[in-house]
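Top line first, the protein sequences correspond to chains D and L. All you need for this note's numbering is the position in the first sequence, starting with 1, plus 13. All you need for this note's numbering is the position in the second sequence, starting with 1, plus 13. Even for Gly, the Cβ is constructed at its ideal location relative to N, Cα and C. In this text the structure is predicted, and so the values were computed from the model without any measurement. Remarks on the structure that follows.
There are 2 protein chains.
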Amino acid sequence: MKYELYYWPYIQGRGEYVRLALEDAGAAYVDVARGSGGTSAMMRMMGEGATPPFAPPFLKAGKLVVGQTANILHYLGARHGLAPKTEASRLWVHQLQLTITDLVLEIHDTHHPLGPSLYYEDQKAPAKKRTDEFWNERVPKYLGYFEDLVKGNGGFYVTGRRITYVDLSLFQIVEGLRYAFPKRMNAFEKKIPLLLALRDRVAARPKIRAYLESERRIPFNEDGIFRRYKELDL
Amino acid sequence: MKYELYYWPYIQGRGEYVRLALEDAGAAYVDVARGSGGTSAMMRMMGEGATPPFAPPFLKAGKLVVGQTANILHYLGARHGLAPKTEASRLWVHQLQLTITDLVLEIHDTHHPLGPSLYYEDQKAPAKKRTDEFWNERVPKYLGYFEDLVKGNGGFYVTGRRITYVDLSLFQIVEGLRYAFPKRMNAFEKKIPLLLALRDRVAARPKIRAYLESERRIPFNEDGIFRRYKELDL
Chain D
14 MKYELYYWPY IQGRGEYVRL ALEDAGAAYV DVARGSGGTS AMMRMMGEGA TPPFAPPFLK
74 AGKLVVGQTA NILHYLGARH GLAPKTEASR LWVHQLQLTI TDLVLEIHDT HHPLGPSLYY
134 EDQKAPAKKR TDEFWNERVP KYLGYFEDLV KGNGGFYVTG RRITYVDLSL FQIVEGLRYA
194 FPKRMNAFEK KIPLLLALRD RVAARPKIRA YLESERRIPF NEDGIFRRYK ELDL
Chain L
14 MKYELYYWPY IQGRGEYVRL ALEDAGAAYV DVARGSGGTS AMMRMMGEGA TPPFAPPFLK
74 AGKLVVGQTA NILHYLGARH GLAPKTEASR LWVHQLQLTI TDLVLEIHDT HHPLGPSLYY
134 EDQKAPAKKR TDEFWNERVP KYLGYFEDLV KGNGGFYVTG RRITYVDLSL FQIVEGLRYA
194 FPKRMNAFEK KIPLLLALRD RVAARPKIRA YLESERRIPF NEDGIFRRYK ELDL
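Okay, here's the thing in structure tokens:
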């Protein structure tokens, strides 16, 4: 069975956390909306059936359709060795992923504090305020939390010596913050040496490296979650 | 075993979705932070052990500590008949709860568009804009989605004839929007007759009714997620 991933074709966005897991697992999948007619197929599926997704990304696995990024990773992690085996450990890695979900939304809100339906150009002043707030208060809290977890586990991955989908997502967080806020992130990085080492460890995994060098990896751009707007950086 | 719920003692907040599930299940629990020394105990637990929660609410079940509202409900639902039994169905109700999580954060952002660390008084103008956007674009999308699901399932609960924790959360969403935005919600309610009927069905459940009449139910107030600020209503 080939998985079908449904997500917007021109951005990394929330779909990227799923792509990274599928790629690291070496799972067979089609990124449906990047193919001909794929976006229309995606839109149709959102209004269909007994369990229509509210929004992309969603994953079709045979007859099953799973939506919400963290829920998709919860499902994939159990099947592809990207989550631990006990129920308690699975709840824990899922809990960490949900904290990353919260962080991702706060990253999105730096450029869209007045809501997702208005243009960035219509909310530049509040975006600047929210971004300052985000870097002063929220980044230290979130990344400090994950840095401490890696430290507590011997400095390798967030739950110990074995990789989980949470580590793949933390890789993406570091990459994204570096892209969107190069100066702010550069000034902050000395506080998170273990997360940076984790990022390098993920990037060096053969399947991830091959993915990052391929055309399957969509470049960062200003339609995604992580946007480089000079006026929001330092 | 008595569950221990850890959450801020003066607000409903995100903890309320867990309280409603525990109450409807008739589960034995202590709302720890509402007791003497409880808030200090909660703060201590956030820095302790191998799996420290990032933020309240979290639930202690024996030795297990589970954080993130939707994750707690995923755990409780399976144990107390508030979730279906198959894996596919459980992923589906969890997916719905994660969509409610997104909605709750958007509700919070109506009064805190510039971030959670600044006061409302320092962001009144952007709050008004974000609230307009929320009611014009987001409420119809979210509540319309759930209304359609209830309709598709025969008009009873969101997944059919049997209640799940998602229905308890939808009850709270309707209550909260009525509290925070009485005029806007009053104007909107004609579009969601089935969700209102679902709200009444939940409120009439004996254990929920007893809970709502008890002192265990903290009244809505302007420190929670749902805040009544006249200038944000119509």
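Taking a cut of 7 Å between CB atoms, which residues from the segment 65-81 of chain D lie near chain L?
The segment 65-81 of chain D vs chain L, Cβ under 7 Å: Phe67, Leu77, Val79, Gly80 and Gln81.
Measuring CB to CB, does Asp37/L end up less than 8 Å from Leu86/L?
For the purposes of this step, residue 37/L is taken as residue 24 along the second sequence, with counting starting at 1. For the purposes of this step, residue 86/L is taken as residue 73 along the second sequence, with counting starting at 1. The answer is no: Cβ separation not under 8 Å.
If you measure between the beta carbons of His107/L and Ala40/L, is that distance less than 8 Å?
By one-based count along the second sequence, residue 107/L stands at place 94. By one-based count along the second sequence, residue 40/L stands at place 27. No; because the gap between Cβ atoms is not below 8 Å, this pair is not in contact.
Kindly say whether Gln185/L, judged by its beta-carbon, lies nearer than 8 Å to any beta-carbon of chain D.
To locate residue 185/L, count along the second sequence from 1; it is residue 172. With 8 Å as the cut-off, Gln185/L does not count as an interface residue toward chain D.
For Ala74/D, list the residues DSSP reports as bridge partners.
Here residue 74/D refers to the residue found at position 61 of the first sequence. Answer by DSSP bridge pairing, in chain order: Leu77/D.
Alpha carbon to alpha carbon, how far is Pro153/L from His121/L?
Counted from its first residue, the second sequence places residue 153/L at position 140. Counted from its first residue, the second sequence places residue 121/L at position 108. Answer to the nearest angstrom: the Cα atoms are 17 Å apart.
Quick one: any contact between the segment 42-49 of chain L and the segment 222-232 of chain D, if contact means 3 or more CB pairs under 8 Å?
No, the segment 42-49 of chain L does not touch the segment 222-232 of chain D.
Do the segment 64-80 of chain D and the segment 142-150 of chain D make contact, defined as three or more Cβ pairs closer than 8 Å?
The segment 64-80 of chain D vs the segment 142-150 of chain D: no contact.
In chain D, which residues lie less than 9 Å from Glu29/L when you measure between Cβ atoms?
Residue mapping note: residue 29/L aligns to position 16 of the second sequence, counting from 1. Near Glu29/L there are no residues of chain D at all, since even the closest Cβ is about 18 Å away, more than 9 Å.
Pick helix, strand or coil for Gly173/D, following the three-state DSSP scheme.
By one-based count along the first sequence, residue 173/D stands at place 160. It is a strand residue.
How long is the line joining the alpha carbons of Ile238/L and Met14/D, rounded to whole angstroms?
As a first step, residue 238/L must be located in the second sequence, where it is residue number 225. As a first step, residue 14/D must be located in the first sequence, where it is residue number 1. Rounded to the nearest angstrom, the two C-alpha atoms are 43 Å apart.
Quick check: Leu109/D and Leu118/L, are their CB atoms within less than 8 Å of each other?
In the first sequence, residue 109/D corresponds to position 96, counting from 1. In the second sequence, residue 118/L corresponds to position 105, counting from 1. No, these two residues do not count as a Cβ contact at 8 Å.
Residues of chain L with CB closer than 7 Å to the CB of Lys98/D, please, in chain order.
As a working mapping, residue 98/D is identified with position 85 in the first sequence. Those do not exist, as Lys98/D stays about 15 Å from chain L at its closest Cβ, beyond 7 Å.
Expressed to the nearest angstrom, what Euclidean distance is found between the alpha-carbon atoms of Ala200/L and Tyr192/L?
Here residue 200/L refers to the residue found at position 187 when the second sequence is read from its first residue. Here residue 192/L refers to the residue found at position 179 when the second sequence is read from its first residue. Taking the straight line joining both Cα atoms gives about 14 Å.
From this set, Leu211/L, Val79/L and Glu100/L, which residue's C-alpha is nearest Leu111/D's C-alpha?
In the first sequence, counting from the first residue as 1, residue 111/D sits at position 98. Closest option to Leu111/D, Cα to Cα, is Val79/L.
Determine, using beta carbons only, whether Arg143/L comes closer than 8 Å to chain D.
Taking the first residue of the second sequence as position 1, residue 143/L is located at position 130. Yes, because at least one Cβ of chain D sits closer than 8 Å to the Cβ of Arg143/L.
Applying the 10 Å Cβ sphere with the 16-neighbour rule, what's the burial state of Pro126/L?
Taking the second sequence and counting its residues from 1, one reaches residue 126/L at position 113. With 16 or more other Cβ atoms within 10 Å, it is buried.
I want to check one thing, is the minimum distance from the CB of Gly62/L to the heavy atoms of the ligand NAP below 7 Å?
Among the components modelled here there is no ligand, and therefore nothing to report on the ligand NAP.
Chain D partners of Gln25/L, CB-CB under 8 Å?
Taking the second sequence and counting its residues from 1, the one referred to as residue 25/L is at position 12. Ordered by position in chain D, no residue passes the 8 Å Cβ test against Gln25/L, which lies about 19 Å from the chain.
Taking all protein chains shown into account, do 16 or more other C-beta atoms lie within 10 angstroms of the C-beta of Ser49/D, making it buried, or fewer, making it exposed?
Walking along the first sequence from the start, residue 49/D turns up at place 36. Exposed, since its Cβ has fewer than 16 Cβ neighbours within 10 Å.
Which of the three DSSP states, helix, strand or coil, is assigned to Asp145/D?
Reading the first sequence from its first residue, position 132 is the one you call residue 145/D. In the structure shown, Asp145/D sits in a helix (DSSP, three-state: H, G or I).
Let me confirm a value: Ser182/D is counted as buried when at least 16 other C-beta atoms fall within 10 Å, else exposed. Which label applies?
Position 169 of the first sequence, counted from the start, is the residue given in the question as residue 182/D. Flag for Ser182/D reads buried.
Would you check if the distance between the CB atom of Leu162/L and the CB atom of Val187/L is smaller than 8 Å?
By 1-based counting over the second sequence, the position of residue 162/L is 149. By 1-based counting over the second sequence, the position of residue 187/L is 174. Not closer than 8 Å, so no.
Which residue marks the beginning of the beta strand (DSSP E) containing Glu61/D, and which one marks its end?
In the first sequence, residue 61/D corresponds to position 48, counting from 1. Unbroken run through Glu61/D: none, as it is neither H nor E.
Please identify the residue among Trp105/L, Asp135/L and Thr82/L whose C-alpha is closest to the C-alpha of Tyr88/D.
For this step, residue 88/D is matched to residue 75 along the first sequence. Ranking the options by Cα distance to Tyr88/D, first place goes to Trp105/L.
Just list the residues that DSSP pairs Leu18/D with in beta bridges.
Your numbering for residue 18/D matches position 5 in the first sequence. Paired residues: Asp44/D and Leu72/D.
Exposed or buried, Met56/D, counting other C-beta atoms within 10 Å across all chains shown (16 or more means buried)?
As a first step, residue 56/D is located in the first sequence; it is residue number 43 there, counting from the start. Exposed: under 16 other Cβ atoms inside 10 Å.
If the cut is a Cβ gap below 8 Å, which residues of chain L does Gly165/D touch?
Position 152 of the first sequence, counting from 1, holds the residue named residue 165/D. Near Gly165/D (Cβ distances below 8 Å), the residues of chain L are Ala63.
Am I right that Ala140/L and Thr123/L are in contact with their C-beta atoms under 8 Å? What's the rounded C-beta distance?
Counting from one through the second sequence, the residue named residue 140/L turns up at place 127. Counting from one through the second sequence, the residue named residue 123/L turns up at place 110. Ala140/L to Thr123/L, Cβ: 6 Å. Contact.
Which chain D residues sit within Cβ distance under 7 Å of Trp105/L?
Within the second sequence, numbered from 1, the residue matching residue 105/L stands at position 92. The contacting residues are Thr64.
With 8 Å set as the bound, which would you pick, yes or no: does the beta-carbon of Ala38/D sit closer than that to a beta-carbon of chain L?
Here the question's residue 38/D lines up with position 25 in the first sequence. So no, Ala38/D is outside the interface.
Using a C-beta cutoff of 8 Å, does Pro126/D count as contacting chain L?
Taking the first residue of the first sequence as position 1, residue 126/D is located at position 113. Yes, because at least one Cβ of chain L sits closer than 8 Å to the Cβ of Pro126/D.
Once the 5 residues before and after Gly26/D are set aside, which same chain residues still bring their CB inside 7 Å of it?
The residue given as residue 26/D occupies position 13 in the first sequence. Tyr20, Gly237 and Ile238, listed in sequence order.
Counting along the chain, where does the alpha helix (DSSP H) carrying His87/L start and finish?
Position 74 of the second sequence, counted from the first residue, corresponds to residue 87/L. Looking at the DSSP string, the run of the alpha helix (DSSP H) that includes His87/L is Thr82 to Arg92.
Against chain L, with Cβ distances strictly below 8 Å, would Tyr88/D count as a contact?
As a position in the first sequence, residue 88/D is number 75, starting the count at 1. So yes, Tyr88/D belongs to the interface.
Using a Cβ cut-off of 8 Å (strictly closer), state whether Ser266/L contacts chain D.
The structure shown has nothing for residue 266/L, since chain L only spans 14 to 247.
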